[in-house]
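Visitor: Quick note on numbering: my numbering labels position 219 of the sequence shown as 288, and the sequence is numbered without any gaps.
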Amino acid sequence: MDKIKQLTGKNQNEYEAVAQEIINNGDISLFEELVSKDDFLFDFVKSNVAQRLEKACNISNYKNLLKFLNIYSPYYEDFITSTLAQYGNSDITDIMLEKLNSGTLSEKTYAAGYFSYVKDDRALPLLKDYAFSDETSLSENCARALAKLDNNDSFELAINKLKSDDDFEQMTAASFLVAYQDKRALEPLFEAMKHSKMSENIAELIPYLMPLPDMLQTDYNDDAILTFCYIINGLVELVPVSQVIDFRFYEFLERLLKSSPSGASAVALFLAKEKFNMITENEEYLFDEDKNTKNEVNDIKNLLNNANLYPLTSFLYEELYEESDFIFFVLDIVRDEDSLVSLLSGENQTVIIKVMELLKSQNLLKEEYKKIALSKINDENLKIVANAL
Numbered sequence: 070m071d072k073i074k075q076l077t078g079k080n081q082n083e084y085e086a087v088a089q090e091i092i093n094n095g096d097i098s099l100f101e102e103l104v105s106k107d108d109f110l111f112d113f114v115k116s117n118v119a120q121r122l123e124k125a126c127n128i129s130n131y132k133n134l135l136k137f138l139n140i141y142s143p144y145y146e147d148f149i150t151s152t153l154a155q156y157g158n159s160d161i162t163d164i165m166l167e168k169l170n171s172g173t174l175s176e177k178t179y180a181a182g183y184f185s186y187v188k189d190d191r192a193l194p195l196l197k198d199y200a201f202s203d204e205t206s207l208s209e210n211c212a213r214a215l216a217k218l219d220n221n222d223s224f225e226l227a228i229n230k231l232k233s234d235d236d237f238e239q240m241t242a243a244s245f246l247v248a249y250q251d252k253r254a255l256e257p258l259f260e261a262m263k264h265s266k267m268s269e270n271i272a273e274l275i276p277y278l279m280p281l282p283d284m285l286q287t288d289y290n291d292d293a294i295l296t297f298c299y300i301i302n303g304l305v306e307l308v309p310v311s312q313v314i315d316f317r318f319y320e321f322l323e324r325l326l327k328s329s330p331s332g333a334s335a336v337a338l339f340l341a342k343e344k345f346n347m348i349t350e351n352e353e354y355l356f357d358e359d360k361n362t363k364n365e366v367n368d369i370k371n372l373l374n375n376a377n378l379y380p381l382t383s384f385l386y387e388e389l390y391e392e393s394d395f396i397f398f399v400l401d402i403v404r405d406e407d408s409l410v411s412l413l414s415g416e417n418q419t420v421i422i423k424v425m426e427l428l429k430s431q432n433l434l435k436e437e438y439k440k441i442a443l444s445k446i447n448d449e450n451l452k453i454v455a456n457a458l
């Protein structure tokens, strides 16, 4: 009988027996086989397995978890590190400190996670060394551990790194700050999102620092809506559809519908309606998703389709100016010729190109419009694009 199938199945007697076997025997090969299935199992299944393995641990067998430290899995690391911290003593802490110092990448990652549960100042120099590692899991575990040690230096360093012109360094800093879980990072993250080439990637992280619905009707209201728009823009292509549950999209949209209308909320609602209709009209977007995700997506679609968004149309024009944070999202919705043409005489050359492309797609790019646009474009690369339209 396939033991992994038993461990992930619904038969309690079978999965408890396999979980006990893995932990009691420190069965590395069976654990490695389990981890090799990470990409093929639904998240809720892996969550169930982690709970089953954790339940099989006790004071007599928990040290066997040390045998698994060279086989990394983000789905089982928390149960391993928290269990070692729960039952462990100073000897275990010494072992984990050594793993953090000279272990493999997998061992370092688990060890950093361990020190997010066990506060030990001896780990501080190493945690700071690995805080901005190229390996996201190691960096994030270091962030959690450094937060436990109240190490503000690393937090401030990450804030500075958010301003980097290097996309990778910026993303590493954003991941670190979200893992550090200090809400002082919200405003710097919003600013980074607005100016980054990877806006959708940064936006996807922000709800893990503070849930989007909780930001509505606060000082972060419009930034939360903008974050939502970037996530919606990246949904399917960059952001997994399953995130709609984690990000509490239904609650967020329901609250927007009940709130006083604004340009920002109108943009978000129109964008979301278009995106969720697209997702549900193409089976491939939901093919690999579990039942809960499919139900959630359909509930959101119905919520938006049953709402009368037409009265909100006029509010879109509140954000139809080149300095608006929502300008590129509005341009994906508004198709009014006069309003679009008014933007051709602005100063934002990227906006001008976008407007020209929209007019071209509607066969509305008259020669006079093109002349207005070209008179405002001095970037040679953008001028080539404009001339080609």
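Quick reminder that beta carbons are idealized off the backbone N, C-alpha and C, glycines included.
#1: Is A214 closer than 8 Å to A192 when the C-beta atoms are compared?
#2: Excluding the 5 residues preceding and the 5 following K344 in the sequence, name in chain order all residues of the same chain whose CB lies nearer than 7 Å to its CB.
#3: If you reduce the DSSP assignment to three classes, tell me which class V308 lands in.
#4: Do M284 and M240 come within 8 Å of each other at the CB atom, strictly closer than that value?
#5: Report yes if the CB atom of L76 is closer than 8 Å to the CB atom of V118, and no otherwise.
#6: Would Y144 and D198 qualify as a contact pair, given that the criterion is a beta-carbon distance under 8 Å?
#7: Report yes if the C-beta distance between N93 and N130 is below 8 Å; otherwise report no.
#8: So, at 7 Å on beta carbons, what are the nonlocal neighbours of R317 in its own chain, with the 5 sequence-adjacent residues on each side left out?
#9: Could you check whether L322 and L340 sit closer than 8 Å to each other, using their CB atoms as the reference points?
#10: Going by C-alpha distance, which of P309, V308, P276 is nearest A54?
#11: So what does DSSP say about C126, is it helix, strand or coil?
#12: Grab me the residues of T178's own chain with a C-beta within less than 8 Å of its C-beta, minus the 5 sequence neighbours each way, in chain order.
#13: So, M262 versus Y299, is the Cβ gap smaller than 8 Å?
#14: Is K324 helix, strand or coil when you go by DSSP?
#15: Within the same chain, show all residues whose beta-carbon is closer than 6 Å to that of E83, passing over the 5 residues directly before and after it, in chain order.
#16: Measuring CA to CA, which of N432, A254, E406, N456 is closest to A442?
#17: Using only CA atoms, which one of T419, L218, L110, S430 lies nearest to K445?
#18: Is F113 buried or exposed, if buried means 16 or more other CB atoms sit within 10 Å of its CB?
#19: Along the chain, which unbroken stretches of the alpha helix (DSSP H) at least 4 residues long are found entirely within the region 100-177?
#20: Taking the alpha-carbon positions, what's the T382 to I314 distance?
#21: Would you mind sorting K168 into buried or exposed? The rule is 16 or more other CB atoms within 10 Å of its CB.
#22: Can you give me the Cβ contacts of L458 inside the same chain, cut-off strictly under 6 Å, excluding the 5 residues immediately before and after it?
#23: Report the three-state DSSP secondary structure of G182 (helix, strand or coil).
#24: How is the alpha helix (DSSP H) around M425 delimited, first residue to last?
#25: Going by DSSP in three states, R404 sits in which element: helix, strand or coil?
#26: What's the gap between the Cα of I97 and the Cα of E90?
#27: In terms of residue numbering, what span does the alpha helix (DSSP H) encompassing N364 cover?
#28: What are the boundary residues of the alpha helix (DSSP H) that E388 is part of?
#29: Which term fits R121, buried or exposed, when burial requires 16 or more other beta carbons within 10 angstroms of its beta carbon?
Guide: According to the data block:
#1: yes
#2: I301, L304
#3: strand
#4: no
#5: yes
#6: no
#7: yes
#8: P280, L281, P282
#9: no
#10: Any question about residue 54 goes unanswered here, given that the chain covers just 70 to 458.
#11: coil
#12: Y141, E146, E204, S206, L207, N210
#13: yes
#14: The sequence given here has Arg at residue 324, not Lys. In this structure, R324 counts as helix in the three-state DSSP scheme.
#15: Q75
#16: N456
#17: T419
#18: exposed
#19: 112-124, 146-156, 159-171
#20: 28 Å
#21: buried
#22: M425, K429
#23: helix
#24: 418-430
#25: coil
#26: 11 Å
#27: 360-375
#28: Premise fails: E388 is in no alpha helix (DSSP H) and is neither H nor E.
#29: buried
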